[in-house]
Amino acid sequence: MKVKVRHIYISPDHNYFGRYGKSSLNHEVIERESIDVVAGSGIVDDRFFDYEEDYKGQITFFDWKVFNEVVNEVASKEIDPSFFRRNVILEGVDLNSLIGKRFTLDGVEYSGSCECSPCFWMNEACGRGTEEFLKGRGGLRCRILNDGSLSAGEYELEVLGDA
38 MKVKVRHIYI
48 SPDHNYFGRY
58 GKSSLNHEVI
68 ERESIDVVAG
78 SGIVDDRFFD
88 YEEDYKGQIT
98 FFDWKVFNEV
108 VNEVASKEID
118 PSFFRRNVIL
128 EGVDLNSLIG
138 KRFTLDGVEY
148 SGSCECSPCF
158 WMNEACGRGT
168 EEFLKGRGGL
178 RCRILNDGSL
188 SAGEYELEVL
198 GDA
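Shown next, in the form of structure tokens:
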């Protein structure tokens, strides 16, 4: 199926992860035209690179369609796709259909591990009700199965089978 990589982001450190009950931090989110990915490790220069062995969120994807739904139905302020702190904003595929599947995108093979569940921080980032709105469509966490790179642009996404 044809998909479009609309945005690619990395962040060198955590704003929310592991901060339950504490205030959020303000580490920058950096948009990139392309990223290098390493099998079993993650995205070079990202906060989750080599986070832990076999980490299920070596790369995260978020649906462009869902972003627009948040903008139009929930957000109480102007928001940007980077606010979700997912690595790749992708258009043209239901990300939940990739949970438990192996797939390729721009020459890199991924394994869809699980939904990237929304947390209460989404209400702070986008507006009250965002966490609830995103349940079941918070994005996709994946493992990276081979080294390569990913760039913004249009690609063929091929589902290879079960993970």
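Residue numbers for the sequence shown follow my numbering, so the first one is 38 and each next one is one higher. By construction, the Cβ of each residue, glycine as well, lies at the ideal position given by its N, Cα and C atoms.
Using the beta-carbon count (16 or more within 10 Å), is residue i buried or exposed?
| i | result |
| --- | --- |
| F140 | buried |
| I45 | buried |
| F203 | One cannot answer for residue 203 here, as it falls past the ends of the chain, which runs 38 to 200. |
| F157 | exposed |
| S148 | buried |
| V81 | exposed |
| D73 | exposed |
| L182 | buried |
| G198 | exposed |
| P155 | buried |
Is the beta carbon of residue i sitting closer than 8 Å to the one on residue j?
| i | j | result |
| --- | --- | --- |
| G26 | K114 | The first residue shown for the chain is 38 and the last is 200, placing residue 26 beyond what the model contains. |
| L142 | L177 | no |
| V130 | L187 | no |
| E193 | K39 | yes |
| C151 | K93 | yes |
If you run the structure through DSSP and keep just helix, strand and coil, what is residue i?
| i | result |
| --- | --- |
| V40 | strand |
| L132 | helix |
| F86 | coil |
| E37 | In the structure as shown, the chain starts at 38 and stops at 200, and residue 37 therefore has no counterpart that could be examined. |
| E65 | coil |
| G127 | Sequence check: residue 127 is Leu here, not Gly. It is a strand residue. |
| F99 | strand |
Looking only at C-alpha atoms, which of the options sits nearest to residue i?
| i | options | result |
| --- | --- | --- |
| C179 | V111, E168, E110, A200 | A200 |
| A189 | G94, Q95, E128 | E128 |
| R69 | S119, L182, L171, S150 | S119 |
| D100 | R122, N183, G137, E65 | R122 |
| D83 | N183, V66, K41 | V66 |
| V42 | L171, N105, N124 | N124 |
| G166 | G137, N133, V108 | V108 |
By DSSP's criteria, residue i is part of a beta bridge. Which residues make up the other side?
| i | result |
| --- | --- |
| F187 | Note on identity: in this sequence residue 187 is Leu, with Phe being the wrong assignment. In DSSP, L187 forms a bridge with I72. |
| I116 | I116 pairs with nothing; no bridge assigned. |
| Y147 | F140, I181 |
| G94 | According to DSSP, which records beta bridges pairwise, G94 is partnered with nothing at all. |
| V196 | F140 |
| G79 | V75 |
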